[in-house]
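Engineer: Take a look at the following structure, please.
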Amino acid sequence: MKLATKYNRVTLIASIIVFVFTGVIYYSVIHYILTDKLDRDLAIEEDEIAAYVKTYGKLPQAGSFKEQKVSYHLIDPDRDFERRYFYNDYFNESEQRIEPGRSLIRTIEVNGKLYSVTVTKSRVEAEDLVRIIFLITLSITIVLLVTLLLINRFVLNNIWKPFYGILSQMKAFNLADKNDIQIEPTKIDEFTELNAAVAAMSLRVKQDYRELKSFTDNASHEMMTPLAVINSKLDTLIQTETFSDSQGELIEDIYVAVGKLSRLNQSLLMLAKIENNLIGDQETIDLDELIRQKTRQFQELLQSQNINLKTELAGKQINMNKHLADMLINNLLSNAIRHNYKGGEIYIHLNEKELTISNTGSDDELIASKVFERFYKNAASEGMGLGLAISNQICNLYHFKLNYTYQDARHTFKVSF
Amino acid sequence: MKILLIEDESSLRESIITYFTDEGNICETAVDYKSAIEKINIYNYDCILLDLTLPGGDGMEILRAIKKINKKDGVLIISARHSLDDKLDGLNLGADDYLVKPFHLSELKARVTAIVRRKSYDGSNIITFNEIQIDTQAMSVKIGDNVLTLTRKEYDLLVYFIANHSKVITKSAIAEHLWGDEIDLSDHFDFIYTHIKNLRKKLVEAGCKDYIKSMYGVGYKFENI
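Taken in order, these protein sequences are the chains called S and B. If you're matching positions, the first sequence starts at 48 in our numbering and goes up one per residue. If you're matching positions, the second sequence starts at 25 in our numbering and goes up one per residue.
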């Protein structure tokens, strides 16, 4: 639930409760006051009748006058009762209609006869007054509620704007991106503080990241020269011609290790490069042609492993850096060969939408969620575990999707364009 | 041939000099930007090996200087920067080739030989090694009068061997030369053996002496007998 919605709901419910509660109190108080006034008027009338009876020894004339009606009834002397007020409806003769009224009934003795005296006053005015007051109160309430809602909606949204601004920037925040978080000035202290904290944090994170990155970059670069020295010294060493075969094997192992190390280094540098988006020079590449060229390049390797390669390539043009396209196909294809067995199969399928490379291999399914992580590899793998990480980065760079599935004893990598 | 090596790393410099200095090659060195510029201005070289990261200045500037004074010297960039931009910049500025560190000395030698051959005044496309004659233009090989039919890989291998004759060439250097360094072939050196066996057979059958020698498991040597 959004903060504004939550806030709106709470204020709305609270205001409605308050308005209903105060409305009820208000209504009762006004009702009480008006009834009290009516009762007092009735009491005055009663007094007048009593005074008249006392003075003249007879009842004044019964009848209807304006909003008031007086009537008498002769009753049994033993059925005397206490005076009381009550509500009733009566016939207003001047208005010729039934109206709600307030009555006072009492008994009065005139010349030894007991009469019940009923004085009724119309409640119409009082009712009208209450109704008008009620309507005014209701409309004020509604206006207030609507205003409250509008304020919440527009003012709150406006107040929270800097928050959403910074939030969307934080969502879009990318370590490798060159853009820093842009702070929109706001007059609200909390948001100013938030903005400052976020900006400082992003700056610090970026700084750390840059340092780490340049460290990797420099370390990799610096390693290249000693590697070149080792390689050249080995090249010089083997010219001396005084080796036994077993010494030769040792030297070859060193060569292989140095080769691996320099490839690892180059891969790390390449990863850093792709992540930093330092790859430009896009061109249109015939992917089918590139795959054909790569399969030719790998032909001897395929033959030596007796791997059966099946291809089904539709024409597909793609816009990307030539070197990266090369590397992507290279990685996927060499993986399919390396993790295959002698006499296995590789199937390459290319159409307008996707490229699929599937191969036979070990029976163990790779962990799909981890397979594109750096240095992930299964125990049997001779590789460095960077090839797929690089492939994935390349795909990310061009917004392709690379995924892995294992089905029918086939490991399949699919690039969706 | 006369070579200028511009490289600040002394161990690497020594190895390269040792590898190149025989059979009448002259290899001079410059260790920083200033001495490199001086030498370039005074002497002519068949090929200049240029490291891009140098004390005192950028290697690219040296390349610009070479082209500015209209030198016809071949230039081979050797750099630890495996960056496409550097490679393209270098080649656009007129470098003849670009080699990324670490490299095999045999690869360096083969590249330098190729550059020098292309640059040489007589425009000779013919490589001769005793009875072997290679026309690099037509990519054809003759043993005496016998024309030899080689596959592309076998041809590349032969040219590579002759450029590095009398040197031990490792299997990984051969693999990288023939298939590029993008493919890690370290587990599959056995099929290099197949190519060498085939080449050897074809050469011998055409009446060539058996120059290719297997060297204690590390590699091969193409040697005059």
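We put the beta carbon where it would ideally sit given N, CA and C, even for glycine.
Compare the beta carbon distance of S/Phe460 and S/Ser416 with 9 angstroms and say whether it is the shorter of the two.
Structural biologist: no
Engineer: Cα separation between S/Asn298 and S/Leu397?
Structural biologist: Note that residue 298 of chain S is Ile in the sequence shown here, rather than Asn. Answer to the nearest angstrom: the Cα atoms are 43 angstroms apart.
Engineer: Under 9 angstroms Cβ-Cβ, which residues of chain S neighbour B/Asp214?
Structural biologist: Ser351
Engineer: Could you list which residues in chain C have their beta carbon closer than 7 angstroms to that of S/Asp410, in chain order?
Structural biologist: The chain inventory of the structure shown lacks chain C, comprising the protein chains S and B.
Engineer: Could you tell me which of S/Ile183, S/Ile393, S/Gly306 and S/Arg87 sits nearest to S/Val166, measuring between CA atoms?
Structural biologist: Answer by Cα proximity: S/Arg87.
Engineer: Measure how close the beta-carbons of S/Ser169 and S/Glu129 come, nearest whole angstrom, since I'm counting them as under 8 angstroms.
Structural biologist: Not confirmed; about 24 angstroms, so no contact.
Engineer: Closest to S/Ile206 by C-alpha separation, out of S/Thr184, S/Met217, S/Gly432 and S/Thr233, would be which residue?
Structural biologist: S/Thr233
Engineer: Decide if B/Val165 is buried, meaning its Cβ has at least 16 other Cβ atoms within 10 Å, or exposed.
Structural biologist: By the beta-carbon neighbour count (other beta carbons within 10 angstroms, threshold 16), B/Val165 is buried.
Engineer: Does B/Tyr43 come within less than 9 angstroms of chain S when only Cβ atoms are used?
Structural biologist: At least one chain S Cβ lies under 9 angstroms of B/Tyr43.
Engineer: Buried or exposed: B/Tyr69, going by 16 or more other Cβ atoms within 10 Å of its Cβ?
Structural biologist: Buried: at least 16 other Cβ atoms inside 10 Å.
Engineer: Give me the Cα-Cα distance between B/Ile10 and S/His370, rounded to the nearest whole angstrom.
Structural biologist: With chain B represented from 25 up to 249, any question about residue 10 of chain B goes unanswered, as that position is not in the structure.
Engineer: Looking at the structure shown, is S/Tyr453 part of a helix, part of a strand, or coil, going by DSSP?
Structural biologist: strand
Engineer: Taking a contact to mean a Cβ-Cβ separation below 9 angstroms, would you say B/Lys133 touches B/Ile102 in this structure?
Structural biologist: Not in contact: B/Lys133 and B/Ile102 (Cβ atoms no closer than 9 angstroms).
Engineer: Under the criterion of a Cβ to heavy atom distance below 8 angstroms, does S/Gln344 qualify as lining the ligand MG?
Structural biologist: This structure simply doesn't include the ligand MG, nor any ligand for that matter.
Engineer: Pick out whichever of S/Leu161, S/Thr102, S/Asp335 and S/Lys389 has its Cα sitting closest to the Cα of S/Pro124.
Structural biologist: S/Leu161
Engineer: For B/Asp121 versus B/Leu87, is the C-beta spacing smaller than 9 angstroms?
Structural biologist: no
Engineer: For a test of the three-state rule: what should DSSP assign to S/Met270, helix, strand or coil?
Structural biologist: helix
Engineer: Look at the alpha carbon of S/Asn312 and the alpha carbon of B/Arg105, and state the distance between them as a whole number of angstroms.
Structural biologist: In this model, S/Asn312 and B/Arg105 are separated by some 11 angstroms (Cα to Cα).
Engineer: Under 9 angstroms, do S/Ser314 and S/Met431 count as touching if we go by C-beta distance?
Structural biologist: yes
Engineer: Strictly by DSSP, which residues pair up with S/Phe138?
Structural biologist: S/Ile145
Engineer: Would you call the stretch 157-164 of chain B and the stretch 190-204 of chain B in contact, with 3 or more CB pairs under 8 angstroms?
Structural biologist: no
Engineer: Compare the Cα-Cα distances from S/Lys208 to each of S/Asn355, S/Ala456 and S/Leu50 and report the closest residue.
Structural biologist: S/Leu50
Engineer: Can you list the residues of chain S that B/Thr194 reaches, using a CB-CB cut of under 9 angstroms?
Structural biologist: Near B/Thr194 (Cβ distances below 9 angstroms), the residues of chain S are Leu281, Asp282, Ile285, Ile298, Glu299 and Tyr302.
Engineer: Can a CB atom of chain B be found closer than 9 angstroms to the CB of S/His470?
Structural biologist: Beyond the ends of chain S as shown, which are 48 and 464, falls residue 470 of chain S; an answer cannot be given.
Engineer: Report yes if the CB atom of B/Lys143 is closer than 9 angstroms to the CB atom of B/Gly98, and no otherwise.
Structural biologist: yes
Engineer: Go through its chain and collect everything with a Cβ distance to S/Ala319's Cβ below 7 angstroms, but skip five positions before and after it.
Structural biologist: Lys260, Thr263 and Asp264
Engineer: So what does DSSP say about B/Lys91, is it helix, strand or coil?
Structural biologist: helix
Engineer: Could you pull out every unbroken alpha helix (DSSP H) segment of at least 4 residues lying fully inside the stretch 186-230 of chain S, listed in chain order?
Structural biologist: 204-219
Engineer: Going straight from the alpha carbon of B/Asp46 to that of B/Lys221, what length do you get?
Structural biologist: 29 angstroms
Engineer: Do you know offhand how far S/Met271's Cα is from S/Ser309's?
Structural biologist: 7 angstroms
Engineer: Return the chain-ordered list of same chain residues with a C-beta closer than 8 angstroms to the C-beta of B/Leu223, the five sequence neighbours on each side being excluded.
Structural biologist: Taking B/Leu223 as the centre and dropping the five residues before and after it, the same chain places the C-beta of Leu174, Glu178, Leu181, Leu182 and Ile236 closer than 8 angstroms to its C-beta, in chain order.
Engineer: Are B/Gly83 and B/Asn170 close, meaning C-beta to C-beta below 9 angstroms?
Structural biologist: no
Engineer: Cα separation between B/Glu52 and B/Asn188?
Structural biologist: 20 angstroms
Engineer: Just to confirm the assignment: which complete alpha helix (DSSP H) runs, minimum length 4, are found wholly within the stretch 56-83 of chain S?
Structural biologist: The qualifying runs do not exist here; there are none.
Engineer: Within the continuous beta strand (DSSP E) that includes B/Tyr43, where are the two ends?
Structural biologist: Where B/Tyr43 is concerned, there is no enclosing beta strand (DSSP E), although the alpha helix (DSSP H) it sits in stretches over Ser34 to Phe44.
Engineer: Using only alpha-carbon positions, find the residue among B/Ile249, B/Lys245 and B/Tyr240 that is nearest to S/Ser293.
Structural biologist: B/Tyr240
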